[in-house]
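A.B. asks: When the letters of the sequence shown are read in order and numbered with the numbering used here, they come out as residues 260 to 808.
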Amino acid sequence: MADIEREAMEYDVVIVGAGPAGLSAAIRLKQLDADLNVVVLEKGSEVGAHILSGAVLDPCGLDALIPDWKEKGAPLNVPVKEDNFYMLGEAGKMRVPNFPMPPLMSNHGNYIVSMGNVCRWMAEQAEELGVEIFPGMACSELVYGDNGEVKGVVAGVFGLEPDGSYGPNTEPGMELHGKYVFLSEGVRGSLAKEVIEKYDLSKGKEPQKFGLGMKEIWEIDPDKHREGTVTHTMGWPLGSNAGGGSFIYHLENNQVYVGFVVHLNYENPYLYPYMEFQRFKHHPMVAELLKGGKRVAYGARAISEGGYQSMPKMVAPGVALLGCSVGMVNVPRIKGNHNAMLSGKAAAEAAYKSIQAGRASDELTEYETEVRTGAIGKDLWKVRNVKPLWSKRGLVASLTLGGFDMWTNTFGFSALGTLSHGKTDAAATGKASKFKPIDYPKPDGKLSFDRLTNVSFSFTNHEESQPAHLTLKDASVPIDVNLPTYAEPAQRYCPAGVYEVVEEDGKDPRFVINFQNCVHCKTCDIKDPSQNIHWTVPQGGDGPNYPNM
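1) Just checking, does the region 746-753 make contact with the region 522-533 on the three C-beta pairs under 8 Å criterion?
2) Tell whether a beta-carbon distance below 8 Å holds between residue 374 and residue 479.
3) Going by Cα to Cα distance, which pick from 386, 272, 278 and 321 is closest to residue 412?
4) Which residues bound the beta strand (DSSP E) around residue 490?
5) Is it buried or exposed for residue 475, if we count other Cβ within 10 angstroms and need 16 for buried?
6) Tell me whether residue 542 is buried or exposed, calling it buried when 16 or more other Cβ atoms sit within 10 Å of its Cβ.
7) If contacts are defined as beta-carbon pairs under 8 Å, then residue 623 and residue 587 qualify, I think. What distance do you get, rounded to the angstrom?
8) Note down, one range per segment and in chain order, each beta strand (DSSP E) of at least 3 residues found wholly within the region 546-588.
9) Specify the secondary structure class of residue 722 as computed by DSSP and reduced to three states.
10) For residue 555, count neighbouring C-beta atoms within 10 Å of its own C-beta (all shown protein chains included) and say buried if the count is 16 or more, exposed if not.
11) Can you tell me where the beta strand (DSSP E) holding residue 398 begins and where it ends?
12) Is the beta carbon of residue 606 closer than 8 Å to that of residue 846?
13) Short check: CB of residue 740 to CB of residue 789, under 8 Å?
14) When the Cα of residue 401 is compared with those of 451, 358 and 618, which residue comes out closest?
15) Following the continuous beta strand (DSSP E) through residue 343, name the residue where it begins and the one where it ends.
16) Step through the CB atoms of chain B and report whether any lies within less than 8 Å of the CB of residue 782.
17) Name the one or two DSSP bridge partners that residue 436 has.
18) Among 676, 397 and 494, whose alpha-carbon lies nearest the alpha-carbon of residue 308?
19) At 4 residues or longer, what runs of the alpha helix (DSSP H) sit wholly inside the region 431-477?
20) Taking residue 627 as part of the alpha helix (DSSP H), name the residues at either end of that continuous run.
21) Measure the beta-carbon distance from residue 278 to residue 599 and round it to whole angstroms, keeping in mind my assumption that it falls under 8 Å.
22) Can you have a look at residue 454 and say buried or exposed, based on whether 16 or more other CB atoms are within 10 angstroms of its CB?
23) Quick check on residue 645: does DSSP put it in helix, strand or coil?
24) Which residues does DSSP list as the beta-bridge partners of residue 354?
25) Just list the alpha helix (DSSP H) runs in the region 368-397, keeping only unbroken ones of 4 residues or longer that don't cross its boundaries, in chain order.
26) Find the nearest neighbour of residue 292 within the set 635, 446 and 390, judged by alpha-carbon distance.
27) What three-state label does DSSP hand residue 254 in the structure shown?
28) Based on Cα-Cα distance, which residue from 332, 303, 334 and 426 lies nearest to residue 392?
29) From residue 707 to residue 562, what distance separates their C-alpha atoms?
30) Can you find at least 3 beta carbon pairs, one from the region 358-366 and one from the region 784-800, that sit closer than 8 Å?
31) Can you grab the Cα-Cα spacing for the pair residue 515 / residue 425, in whole Å?
32) For residue 724, count the other beta carbons within 10 Å of its own beta carbon; 16 or more makes it buried, fewer makes it exposed. Which is it?
33) What's the C-alpha gap between residue 655 and residue 504?
34) What does residue 337 pair with, by DSSP beta-bridge criteria?
35) So, with DSSP's three-state summary, where would you put residue 507?
36) To the nearest angstrom, how far is it from the Cα of residue 484 to the Cα of residue 502?
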């Protein structure tokens with residue numbers, strides 16, 4: 260708000276988000292010049308609190324950033340020992356052999372990690388170099404300079420009135436200005452979304468595509484635990500209803516990460532991604548693994564899936580987009596953290612050169628060039644056609660033609676060229692009249708759980724008196740448009756039970772937003788067919804508090 264007076268602090272580089280991209284940028288900047296003033300602002304209560312842990316990490320990004328990471332105690336403790344891939348039917352499975360798969364699909368040399376713990380360790384490395392890291396500081400606004408450049412951010416606004424206005428107890432926050440601002444907010448960050456729209460950075464690019472990833476951490480029977488085993492599945496229960504699949508990673512201490520991804524370009528508005536995940540755990544292969552175990556954590560987040568052709572322009576005056584703010588996930592490998600780290604390193608090197616040359620607040624074109632032509636671009640170029648093949652022609656075509664295309668790209672050519680994605684995920688949603696509701700089994704409380712019970716295992720918390728961080732552009736749309744046309748899919752696509760349509764005798768239906776449940780996955784901002792829901796940051800520190808596992 261223009262009439263609010265705030266204290267301002269000046270830095271060389273302001274970084275929004277303490278994920279792998281932002282922390283890599285901070286570390287690299289201080290490696291290049293210890294005198295640079297670098298600050299990292301993190302909306303979570305601590306570094307790692309909003310990072311949904313559990314990944315297979317390609318260490319190439321860490322190798323480039325901190326070559327002696329092993330000696331420095333990086334928490335990469337579980338190397339991948341076994342790689343399994345299955346096609347599932349409702350009661351059976353078929354093992355897909357590893358030998359026909361392109362070399363890039365191998366997990367040899369990778370590690371099963373908690374990315375939350377990796378980021379906590381990276382934050383320690385950054386602070387030892389002199390980086391200032393402020394957790395619990397949500398960045399709610401961008402600050403623009405006189406020439407339209409991004410000059411900084413507003414962080415640390417607390418105590419707003421429920422309607423969003425400033426009251427007697429409001430802390431207005433402060434402005435943090437930088438010669439350059441790096442946005443590393445993760446998928447569909449609100450500031451990155453604003454920058455992309457303001458500077459038309461997606462012009463000439465394919466629409467970004469997304470998936471919804473849901474994950475539980477389980478402690479299982481030690482006799483069933485196989486540390487270092489990685490298993491991926493496709494097929495049941497999604498079938499032809501949606502693209503997606505699962506992953507099961509055996510880490511240390513008899514724990515496994517059980518995850519499920521649903522591509523958000525599905526048509527049937529009655530599809531219930533969360534219940535597809537719960538149903539998956541009743542497959543005999545999965546049920547036998549989890550029987551006698553206990554779930555200890557739950558979370559969800561959106562995943563960028565558009566790949567090379569969907570990456571927007573990454574720079575505008577004074578600002579650069581890093582990691583998942585751009586969309587750097589290699590979809591068939593289900594990996595993006597390595598590219599996020601490499602993007603942070605590249606952005607830091609470009610900013611360092613510019614600052615050394617006496618420049619500020621311009622476009623870091625060297626960063627964009629490095630991403631598109633360097634290791635990140637080469638990684639994503641080889642797999643660019645897998646997602647559009649899957650979306651347009653289904654699972655079998657994705658496995659056969661996509662696999663063939665990855666093989667040919669390994670040798671530097673592609674018979675398919677570069678395929679387009681077409682519609683946005685929101686526009687892909689079909690009308691309810693063309694589909695039938697899906698009957699999902701009731702959770703049994705042992706292997707499968709109701710949504711609100713599981714949300715309690717994300718340890719999410721929002722101050723109830725604050726303004727809702729989920730807003731509607733038009734409050735009438737959910738009931739007047741989405742309900743009759745799409746059976747209001749927000750009731751189902753949200754993995755945290757934020758949205759519900761309340762119908763009471765003698766009263767008109769009401770659309771209710773239970774923002775306190777939100778785990779910050781941002782699916783609503785992506786999938787709402789009317790594009791009527793806007794996700795932004797709540798007060799700093801609010802949201803999920805994923806455990807140190």
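Think of the CB as a built atom: it goes at the ideal place given N, C-alpha and C, for glycine as much as any other residue.
Here the structure is a predicted model, which is why all the values come from computation and not from measurement.
C.D. replies: Taking the coordinates as given:
1) Below 8 Å, enough C-beta pairs join the region 746-753 and the region 522-533 to call them touching: three or more.
2) As a first step, residue 374 is located in the sequence shown; it is residue number 115 there, counting from the start. As a first step, residue 479 is located in the sequence shown; it is residue number 220 there, counting from the start. No; because the gap between Cβ atoms is not below 8 Å, this pair is not in contact.
3) In the sequence shown, counting from the first residue as 1, residue 412 sits at position 153. Ranked by Cα distance from residue 412, the first of 386, 272, 278 and 321 is 272.
4) Your numbering for residue 490 matches position 231 in the sequence shown. Here the beta strand (DSSP E) through residue 490 covers 488-494.
5) One-based indexing of the sequence shown puts residue 475 at position 216. With a threshold of 16 other beta carbon atoms within 10 Å, residue 475 meets it and is buried.
6) Residue 542 sits at position 283 when you count from the first residue of the sequence shown. Classification for residue 542: buried.
7) The sequence position of residue 623 within the sequence shown is 364, counting from 1. The sequence position of residue 587 within the sequence shown is 328, counting from 1. Contact flag wrong, Cβ pair sits at about 16 Å.
8) At a cut-off of 3 residues, the continuous stretches assigned as beta strand (DSSP E) that sit fully inside the region 546-588 are 553-563 and 578-580.
9) To locate residue 722, count along the sequence shown from 1; it is residue 463. Annotated three-state conformation of residue 722 is coil, per DSSP.
10) The sequence position of residue 555 within the sequence shown is 296, counting from 1. Exposed: under 16 other Cβ atoms inside 10 Å.
11) Position 139 of the sequence shown, counted from the start, is the residue given in the question as residue 398. Segment 398-403, the beta strand (DSSP E) holding residue 398.
12) Any question about residue 846 goes unanswered here, given that the chain covers just 260 to 808.
13) As a first step, residue 740 must be located in the sequence shown, where it is residue number 481. As a first step, residue 789 must be located in the sequence shown, where it is residue number 530. The beta carbons of residue 740 and residue 789 sit closer together than 8 Å.
14) If you number the sequence shown from 1, residue 401 lands on position 142. Ranking 451, 358 and 618 by Cα distance to residue 401 puts 451 first.
15) Taking the first residue of the sequence shown as position 1, residue 343 is located at position 84. Unbroken beta strand (DSSP E) run through residue 343: 341-347.
16) This model lacks chain B altogether, as it is built from one protein chain only.
17) Position 177 of the sequence shown, counting from 1, holds the residue named residue 436. Beta-bridge pairing links residue 436 to 269 and 411.
18) For the purposes of this step, residue 308 is taken as the residue at position 49 of the sequence shown. It is 397.
19) Qualifying alpha helix (DSSP H) stretches, in chain order: 449-457.
20) Position 368 of the sequence shown, counted from the first residue, corresponds to residue 627. 624-632 is the extent of the alpha helix (DSSP H) around residue 627.
21) On the sequence shown, residue 278 is found 19 positions in, with the first residue counted as 1. On the sequence shown, residue 599 is found 340 positions in, with the first residue counted as 1. Contact holds; Cβ gap of about 7 Å.
22) For the purposes of this step, residue 454 is taken as residue 195 along the sequence shown, with counting starting at 1. Buried is the call here.
23) Against the sequence shown, residue 645 aligns to sequence position 386. Collapsing the DSSP output to three states places residue 645 in a helix.
24) The residue labelled residue 354 in the question sits at position 95 within the sequence shown. DSSP lists 345 as partners of residue 354.
25) Runs found: 374-387.
26) Locating residue 292 in the sequence shown gives position 33, counting from the first residue. Among 635, 446 and 390, the Cα nearest to that of residue 292 is on 390.
27) Here the chain covers residues 260 to 808 and nothing more, so residue 254 does not appear.
28) Stepping through the sequence shown from its first residue, residue 392 is reached at position 133. With distances taken between Cα atoms, residue 392 lies closest to 303.
29) Residue numbering aside, residue 707 sits at position 448 when the sequence shown is read from its first letter. Residue numbering aside, residue 562 sits at position 303 when the sequence shown is read from its first letter. So the alpha carbons of these two residues sit roughly 23 Å apart.
30) Output reads no: the region 784-800 does not touch the region 358-366.
31) Within the sequence shown, numbered from 1, the residue matching residue 515 stands at position 256. Within the sequence shown, numbered from 1, the residue matching residue 425 stands at position 166. Going by the C-alpha atoms only, they are around 45 Å apart.
32) As a first step, residue 724 is located in the sequence shown; it is residue number 465 there, counting from the start. Per the 10 Å Cβ criterion, exposed.
33) Along the sequence shown, one-based indexing puts residue 655 at 396. Along the sequence shown, one-based indexing puts residue 504 at 245. Taken atom to atom, the span from the alpha-carbon of residue 655 to that of residue 504 is near 13 Å.
34) On the sequence shown, residue 337 is found 78 positions in, with the first residue counted as 1. In the DSSP output, where bridge partners are listed per residue, residue 337 has 371.
35) Residue 507 sits at position 248 when you count from the first residue of the sequence shown. Residue state, collapsed to three classes: strand.
36) As a position in the sequence shown, residue 484 is number 225, starting the count at 1. As a position in the sequence shown, residue 502 is number 243, starting the count at 1. Cα to Cα, residue 484 sits roughly 29 Å from residue 502.
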